[in-house]
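If you read the sequences in order, they're chains A and B. For the first sequence, our numbering gives the first residue as 1, with consecutive numbering after it. For the second sequence, our numbering gives the first residue as 1, with consecutive numbering after it. Glycine included, C-beta positions come from ideal geometry on N, C-alpha and C. Keep in mind it's a predicted model, so treat the numbers as computed, not measured.
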Amino acid sequence: DAGVIQSPRHEVTEMGQEVTLRCKPISGHDYLFWYRQTMMRGLELLIYFNNNVPIDDSGMPEDRFSAKMPNASFSTLKIQPSEPRDSAVYFCASSLRAGGYNEQFFGPGTRLTVL
Amino acid sequence: AQSVTQLGSHVSVSEGALVLLRCNYSSSVPPYLFWYVQYPNQGLQLLLKYTSAATLVKGINGFEAEFKKSETSFHLTKPSAHMSDAAEYFCAVSDYQGAQKLVFGQGTRLTINP
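What follows is the structure, given as C-alpha cells:
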C-alpha cells in the first residue's frame, strides 16, 4: 500500500487566497483525520470523519476552515480566505476501525506558508 | 479532559547511551497510550502503544515503554542510542471509550551526539 497520500507537499500563497489541501487515505480505512502542527500549539486535531461523515469538527479554528470527504478515497481541507497565522504543516491520517487503540497512519504532510 | 505532558522539549544523548523520554498523562478513564516518532519532513510513525494487555510494551527500533498507573507515566526508553534515532517523539493518549481522538504532547526533540 502507498500509505496516506497528501498533496501538495508544499504550498505558498498570499493572504486572502483560497487554499485547498488534499488527502487520499489508505484503502479500507474507515476513519480520516486532519491535524495541524505549529511550533506554538503543537499537533492539533482539526476534524475527523467516519465513513465519509464528519464526526467531530470542534478543532476547526474558525469558519474560514472547511473539510469535506465526498468519498472513501478522498478528502479536502479548504481555507478561505487564508491568513499568515494559518501557516503550518497540515497532516492527514487514517485508521482502520473503531476503538481508541487503533493506530493512526499519517501522511507526509503539507507545509503551508501564507505570506 | 485528557492531556499529555512531555518533560523536556529537547533531550541530547551520546551515541550508545540510554535514551529516556518522559511522558505523563491525565485521563479520567483507562487510557490507551502511544508513542509516535517524526523524522524531519515526514509524517508521524507509530513506535509502540499501550492497550492494557501488558504494562511493558516493546516497539520498533529497540524502543520500549512502561505503563505505570500509580505514577500516571508512560516513559519511552532505549538502552543504546543510535544516530538514526535523532527525531522528534510524541506521546499521545486516547479515550478508552473509543472516541478516536488522539491528544498529543508537545513533543521531545532527541539529538544524538557522536
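Assuming residue i and residue j are in contact, meaning their beta carbons sit under 8 Å apart, how far apart are those beta carbons, in whole angstroms?
| i | j | result |
| --- | --- | --- |
| Ser82(A) | Gln17(A) | 5 Å |
| Gln42(B) | Pro108(A) | 6 Å |
| Val93(B) | Leu33(B) | 6 Å |
| Gly144(B) | Ser80(B) | Only positions 1 to 114 of chain B appear in the structure, and residue 144(B) is not among them; the question remains open. |
| Tyr48(A) | Phe33(A) | 4 Å |
Go ahead and label residue i buried or exposed: buried means 16 or more other beta carbons lie within 10 angstroms of its beta carbon, across all protein chains shown.
| i | result |
| --- | --- |
| Ala87(B) | buried |
| His10(A) | exposed |
| Pro25(A) | buried |
| Tyr39(B) | exposed |
Counting along the chain, where does the beta strand (DSSP E) carrying residue i start and finish?
| i | result |
| --- | --- |
| Gln45(B) | 44 to 50 |
| Ser94(B) | 87 to 95 |
| Asp56(A) | 53 to 56 |
| Leu102(B) | 102 to 104 |
| Arg109(B) | 108 to 113 |
Return the bridge partner residues of residue i from the DSSP annotation.
| i | result |
| --- | --- |
| Gln6(B) | Cys23(B) |
| Ser7(A) | Arg22(A) |
| Gly110(A) | First, the residue type needs correcting, since residue 110(A) is Thr and not Gly in the sequence shown. The partner list for Thr110(A) (beta bridge, DSSP) reads Tyr90(A). |
| Ala65(B) | Val57(B), Leu76(B) |
| Ile79(A) | Val19(A), Phe65(A) |
| Asn127(A) | Examination of residue 127(A) is not possible in this model, given that chain A is present from 1 through 115 alone. |
| Glu44(A) | Arg36(A) |
| Gln38(B) | Leu44(B), Glu88(B) |
Stretch pair the stretch 19 to 27 of chain B + the stretch 104 to 112 of chain B: three plus CB contacts closer than 8 Å
yes
Should the stretch 71 to 88 of chain A be regarded as contacting the stretch 17 to 37 of chain A, the criterion being three or more beta carbon pairs within less than 8 Å?
yes
Do the stretch 86 to 98 of chain A and the stretch 68 to 86 of chain B meet, that is, are 3 or more Cβ pairs less than 8 Å apart?
Contact fails between the stretch 86 to 98 of chain A and the stretch 68 to 86 of chain B, because fewer than three Cβ pairs, one in each stretch, are under 8 Å apart.
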